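Residue numbers (our numbering), protein chains in the order written: chain A, 4 to 233; chain B, 471 to 1310.
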């Protein structure tokens, strides 16, 4: 009987899968063992990946490459120095230079993120809703306008539900439940509920698919192991 | 000895005390920040400041004055004071125990004596002369109204002696406090007057309209006080006694001080602060002394009286302890002698002590009008007596019947004594003047006094007939070590005595009597605060349970058995489908692309690529989704390879890099350029876009994370990228991608389970793959079934162990609610009755 590497890996995977499923019985040392193995392996892999794919390729090789210009090397030196300052800040509590670097990074990230949200999500989605009202040959029919109306109603009522338009006065606490806005807010609540429900359904289906596939894999592996034992 | 204040309950303890006597907190374990302080800071200033912001100034003034007079009203100090827990402090700003009632009683008796004397000579109608009338109802919590005498005696008073004492328990006793007339009306004498009112209800109707007559009687009475005052043997023992002295000093007759003429109102009795502090030091000895005098009779309400309350009670039952003596009238002061308890025990008159009382300013006399008003208001009397009785013991409030009996007795007595108002006043004085050894009253009214004594005895006998052990509201003596726990007991019936109902003819009970027995034994520990908190919580739950049951319904969320059943159903159902293949007979046909618009669109985007075009495939899913997305990804790569499109792989997630490598390894025949892992998330996206925007015609995002996918969409739309954006995502992001697809930000999107299966498979001939689909459908149906069954009430089914424990507690509370409240009160009464019998 030859025990191949693949068999050992298969056996280890099977056992770790069983340990993970033991969480159904409650928190126990098997599940903790499997979780710790997973986290350890993932951490080690990430370290190797960073070293292999980032430090060596992005930092070491440009220095060793003589054909690269000095600008690239200067940039790399600055990046290394920034890394050192950040390391000193987080591990030795030295704020020298680390705060400036963090500020630069955070400002760049914030600017890029905000611009992406504004252009990609807000303006893009609103533009898409507005474009639905543009008359076009492809955009016609009762169904199309019904969908447009539903989209518009859902958008407005959802905003009413979240009360973004209300500016609370000093003494004002809650809205009048009998007001018309409250009626539309209730409709918006329904739309939000449907949206969240659909998200939940998608998550549930994806999880069910993963569960079924893993159960199938475990069953196949167990059958294979039984045959191997025999 | 200095005293410290417990930071938790606020009670005063000795400086050397290791544990708080009330809440049993260990002072040694307290941090320094909250260590008890010797001089507790007054809390009135902050409260007053806050109040002053919100309430009018006139109301704030009244509140501040009340706070000065009422002092600390914390429940613990309240209960401590009532139960006789000594909270006496030194003079100055420390907490003062309330012994002012004793002085008040003595002063009133002194005044009454004068009134009797004056009434015998003149009978005039002086109702409500001067500022107000006197009252002698301090023992039942009534306000004592004091008036400023306008007689000559008052004018001859020394300024330093014009000090009034407070009747309430004060947190800060300022020697400069002057009791204003208005403050008197706001006093809460229920704190300082726990004794029964009926102890002091006179059997005569004092002529409150004739205060001067009463005062004259008092003055006449005082004339009978002999000059044979008892020498002060022990200066540190000052106790108030009111004793009658039959001998009158002839000189005192003409003395304007201390004697009231017919036109003068009885002066108030004022005890100086030093006297009061001296008095408080010897409070502990009073209960023992009085117990000796009373014997072991349980009917004696003084038996279980605490040291704080004894001085406030009526001294009618201690005739040998009372003596009223008057000193040199030129000093315009009266001396009130209090017997040394040791003297009482040994009968040694040589140790009598006296305290000088300034009686020129105010005099408390029995206010017949006020008493009559009280007697005319039986409801008020009953409530007060009930309240006091509950405070002092576990016995519930005096039954209204008993109270009515007391009233009847008092009324009978009142009718009997209605003939002579002056004589009626003497009863109260005589009740406290029955000190056989020291009482040497010689007066012209000896005959009247004898009559008064007889009537007093009859009054006492009638009153005692109406009292029972159960109704004895007197708490246990402080000095009894066996009753330490009892004095520390929580007044379970403090807040209610009978069942209360909602208004508006609603029959729902708000709450019923709540006794200590209802608390589980686990909570009956010696931690006072813990017991209190537990009691309050139980009451709250009990009250809430009456309105709405607190019992949890055993639905699918709570019923463990049903949850287990559903779990096993799903688990074995899936395994059965996967292993046995019960669904293999069901054939699944391939769905045409026209029926799935998203699939057709995605395929269209793939087919629109020409040979030599560059495409960028971004792998953004973790190995957990490899079963769902790996096959479609490989299919996509194969389709692109078939069209001879250049493929570039890239990823921004470390865990996705292994999938890229896996793809590269498993498709060696396909030339794939793996750009590798780009760190930096959003900056990596920007760098990828900037590097490939000019060359790449189509971008395919294969993702299982909506956040990174959304970032990709946003960044791509930020840049002026001409590439088409196509998404191959997990099923959970189907609803999230629809708005982007509808908005035109995404050219195509493929996320559904059937769509991906249709994309990755040519047909549905593979049975194993079909079993997976059927298993997923089975799980979905089971989830719907579980949701529907959750709407069914499973309260009739057996509950689990956890629910049983909760149910038992809830049932106990419900059973208590269902019991008759009267029966509960009776059980408590019987219990206290047995307890009293055990004391005998």
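Backbone N, C-alpha and C define an ideal beta-carbon position, used for all residues, glycine too. The model shown is predicted, which means the values in this text are computed figures rather than measured ones.
For residue 1171 (chain B), which of helix, strand or coil comes out of DSSP?
-> To locate residue 1171 (chain B), count along the second chain from 1; it is residue 701. Strand, per DSSP.
Rounded to a whole number of angstroms, what is the C-alpha to C-alpha distance between residue 479 (chain B) and residue 37 (chain A)?
-> Within the second chain, the letter at position 9 stands for residue 479 (chain B). Within the first chain, the letter at position 34 stands for residue 37 (chain A). When rounded, the distance between both Cα atoms is 52 Å.
Simplified DSSP state of residue 96 (chain A), which is helix, strand or coil | In the first chain, residue 96 (chain A) corresponds to position 93, counting from 1. Correct three-state label for residue 96 (chain A): coil.
Which two residues bound the contiguous alpha helix (DSSP H) that contains residue 247 (chain A)?
-> Outside the displayed range of chain A (4 to 233) lies residue 247 (chain A), so it cannot be described from this structure.
Can you tell which of B:1301, B:1211 and B:1049 has the C-alpha that lies nearest to the C-alpha of residue 224 (chain A)?
-> Here residue 224 (chain A) corresponds to residue number 221 of the first chain, with the count starting at 1. Per the Cα distances, B:1049.
Could you check what DSSP says for residue 683 (chain B) in three-state terms: helix, strand or coil?
-> Here residue 683 (chain B) is taken as the residue at index 213 of the second chain, counted from 1. Per-residue confidence for residue 683 (chain B) stands at a pLDDT of 46, beneath the threshold of 50, marking its modelled position as unreliable; the derived number appears in the next sentence. If DSSP states are grouped into helix, strand and coil, residue 683 (chain B) belongs with the helices.
Going by CA-CA distance only, name the one from A:96, A:118, A:94 and A:132 that's closest to residue 156 (chain A).
-> Locating residue 156 (chain A) in the first chain gives position 153, counting from the first residue. Checked all of A:96, A:118, A:94 and A:132; the closest Cα to residue 156 (chain A) is A:132.
Measure the alpha-carbon distance for residue 1230 (chain B) versus residue 1162 (chain B) and round it to whole angstroms.
-> The sequence position of residue 1230 (chain B) within the second chain is 760, counting from 1. The sequence position of residue 1162 (chain B) within the second chain is 692, counting from 1. In a straight line, the C-alpha of residue 1230 (chain B) is about 27 Å away from that of residue 1162 (chain B).
State whether the stretch 1201-1214 of chain B contacts the stretch 1108-1118 of chain B, with contact taken as three or more CB pairs (one from each stretch) at a distance under 8 Å.
-> no
What is the rounded straight-line gap between the Cα of residue 1152 (chain B) and the Cα of residue 99 (chain A)?
-> Indexing the second chain from 1 puts residue 1152 (chain B) at position 682. Indexing the first chain from 1 puts residue 99 (chain A) at position 96. Between residue 1152 (chain B) and residue 99 (chain A), the C-alpha separation is close to 26 Å.
Limits of the alpha helix (DSSP H) - the one that residue 1059 (chain B) falls within | Start at 1 with the first residue of the second chain, and residue 1059 (chain B) comes out as number 589. Residue 1059 (chain B) -> no alpha helix (DSSP H), and no H or E assigned at all.
Is the stretch 1041-1061 of chain B touching the stretch 212-227 of chain A in the sense that three or more CB pairs, one from each, lie closer than 8 Å?
-> yes
Whether residue 1199 (chain B) touches residue 1179 (chain B) by CB criterion (9 Å) | Locating residue 1199 (chain B) in the second chain gives position 729, counting from the first residue. Locating residue 1179 (chain B) in the second chain gives position 709, counting from the first residue. Yes, Cβ-Cβ distance for residue 1199 (chain B) and residue 1179 (chain B) is below 9 Å.
Give the DSSP-derived three-state secondary structure of residue 150 (chain A) in the structure shown.
-> Position 147 of the first chain, counting from 1, holds the residue named residue 150 (chain A). Three-state result, residue 150 (chain A): helix.
Cα-Cα separation, residue 807 (chain B) to residue 587 (chain B) | Position 337 of the second chain, counted from the start, is the residue given in the question as residue 807 (chain B). Position 117 of the second chain, counted from the start, is the residue given in the question as residue 587 (chain B). Model confidence at residue 807 (chain B) stands at a pLDDT of 42, short of 50, so the residue's coordinates are unreliable; what they give is reported in the following sentence. When rounded, the distance between both Cα atoms is 21 Å.
Cα-Cα separation, residue 163 (chain A) to residue 125 (chain A) = Position 160 of the first chain, counted from the first residue, corresponds to residue 163 (chain A). Position 122 of the first chain, counted from the first residue, corresponds to residue 125 (chain A). So the alpha carbons of these two residues sit roughly 17 Å apart.
Could you tell me whether the Cβ of residue 234 (chain A) comes closer than 9 Å to any Cβ of chain B?
-> No answer is possible for residue 234 (chain A): it lies beyond the span of chain A, which begins at 4 and ends at 233.
DSSP-derived helix/strand/coil call for residue 1233 (chain B) = The residue labelled residue 1233 (chain B) in the question sits at position 763 within the second chain. Looking at residue 1233 (chain B) - three-state DSSP - the assignment turns out to be coil, as it is neither helix nor strand.
Taking Cβ positions, are residue 421 (chain B) and residue 1182 (chain B) nearer each other than 9 Å?
-> Shown here, chain B extends from 471 to 1310; a query on residue 421 (chain B) therefore has no answer.
How many angstroms separate the CA atom of residue 794 (chain B) from the CA atom of residue 473 (chain B)?
-> As a first step, residue 794 (chain B) is located in the second chain; it is residue number 324 there, counting from the start. As a first step, residue 473 (chain B) is located in the second chain; it is residue number 3 there, counting from the start. Because the pLDDT of residue 794 (chain B) is 42, which lies under 50, any placement of that residue in the model is unreliable, and the number read from its coordinates should be weighed accordingly. If you take the alpha carbons of residue 794 (chain B) and residue 473 (chain B), they lie about 34 Å apart.
Can you tell me the Cβ-Cβ gap for residue 1195 (chain B) and residue 1217 (chain B), rounded? I've got them flagged as a contact below 8 Å.
-> The residue given as residue 1195 (chain B) occupies position 725 in the second chain. The residue given as residue 1217 (chain B) occupies position 747 in the second chain. With a Cβ gap of about 6 Å, residue 1195 (chain B) and residue 1217 (chain B) count as contacting.
Roughly how many whole angstroms lie between the Cα atoms of residue 786 (chain B) and residue 485 (chain B)?
-> Within the second chain, the letter at position 316 stands for residue 786 (chain B). Within the second chain, the letter at position 15 stands for residue 485 (chain B). Low local confidence applies: a pLDDT of 43 at residue 786 (chain B) is under 50, so the model's placement there is unreliable, and no value is given.
Through-space distance from residue 80 (chain A) to residue 203 (chain A), alpha-carbon basis | Here residue 203 (chain A) corresponds to residue number 200 of the first chain, with the count starting at 1. Here residue 80 (chain A) corresponds to residue number 77 of the first chain, with the count starting at 1. Taking the straight line joining both Cα atoms gives about 48 Å.
Alpha carbon to alpha carbon, how far is residue 534 (chain B) from residue 527 (chain B)? Give it in angstroms, no decimals.
-> Along the second chain, read from residue 1 onward, the residue named residue 527 (chain B) stands at position 57. Along the second chain, read from residue 1 onward, the residue named residue 534 (chain B) stands at position 64. Taking the straight line from one Cα to the other gives about 10 Å.
Beta-carbon proximity of residue 1197 (chain B) to residue 1219 (chain B), cut-off 9 Å = Here residue 1197 (chain B) is taken as the residue at index 727 of the second chain, counted from 1. Here residue 1219 (chain B) is taken as the residue at index 749 of the second chain, counted from 1. Contact flag set, yes.
Would the beta-carbon of residue 1118 (chain B) fall within 9 Å of that of residue 1145 (chain B)?
-> The residue you call residue 1118 (chain B) lines up with position 648 of the second chain. The residue you call residue 1145 (chain B) lines up with position 675 of the second chain. Their beta carbons are under 9 Å apart, which means residue 1118 (chain B) touches residue 1145 (chain B) by this criterion.
What are the partner residues of residue 1143 (chain B), as DSSP defines its beta bridges?
-> For this step, residue 1143 (chain B) is matched to residue 673 along the second chain. Beta-bridge pairing links residue 1143 (chain B) to B:1118.
Looking at C-alpha atoms only, which residue of B:1167, B:1243, B:1154 and B:1094 is the closest neighbour of residue 1185 (chain B)?
-> For the purposes of this step, residue 1185 (chain B) is identified with residue 715 of the second chain, where counting begins at 1. Looking at the Cα atoms, B:1154 is the closest of the given residues.
Apart from the five residues on each side of it in sequence, which residues of its chain come closer than 8 Å, Cβ to Cβ, to residue 10 (chain A)?
-> Here residue 10 (chain A) corresponds to residue number 7 of the first chain, with the count starting at 1. Excluding positions up to five away in sequence, the list reads 231.
Can you find a C-beta in chain B that's less than 9 Å from the C-beta of residue 210 (chain A)?
-> For the purposes of this step, residue 210 (chain A) is taken as residue 207 along the first chain, with counting starting at 1. Taking Cβ atoms only, chain B reaches closer than 9 Å to residue 210 (chain A), which makes this a yes.
How would you write the range of the beta strand (DSSP E) that residue 60 (chain A) sits in, first residue to last?
-> Start at 1 with the first residue of the first chain, and residue 60 (chain A) comes out as number 57. Residue 60 (chain A) -> no beta strand (DSSP E), and no H or E assigned at all.
Can residue 1101 (chain B) and residue 1226 (chain B) be called in contact, C-beta distance under 9 Å?
-> In the second chain, residue 1101 (chain B) corresponds to position 631, counting from 1. In the second chain, residue 1226 (chain B) corresponds to position 756, counting from 1. For residue 1101 (chain B) and residue 1226 (chain B), yes; Cβs fall inside 9 Å.
Do you know whose CA, among B:1192, B:495 and B:1173, lies nearest residue 1096 (chain B)'s CA?
-> Taking the first residue of the second chain as 1, we reach residue 1096 (chain B) at position 626. Closest by alpha carbon: B:1173.
Verify whether the separation of the beta carbon atoms of residue 1169 (chain B) and residue 1130 (chain B) is less than 9 Å.
-> The count along the second chain starts at 1 and reaches residue 1169 (chain B) at position 699. The count along the second chain starts at 1 and reaches residue 1130 (chain B) at position 660. Not closer than 9 Å, so no.
Pick from A:87, A:107, A:39 and A:193 that is closest to residue 154 (chain A), judged by C-alpha positions = Counted from its first residue, the first chain places residue 154 (chain A) at position 151. Of the candidates A:87, A:107, A:39 and A:193, the one whose C-alpha sits nearest the C-alpha of residue 154 (chain A) is A:193.
Out of curiosity, what's the CA-to-CA distance linking residue 86 (chain A) and residue 1175 (chain B)?
-> Along the first chain, read from residue 1 onward, the residue named residue 86 (chain A) stands at position 83. Along the second chain, read from residue 1 onward, the residue named residue 1175 (chain B) stands at position 705. Each residue's alpha carbon lies about 28 Å from the other.
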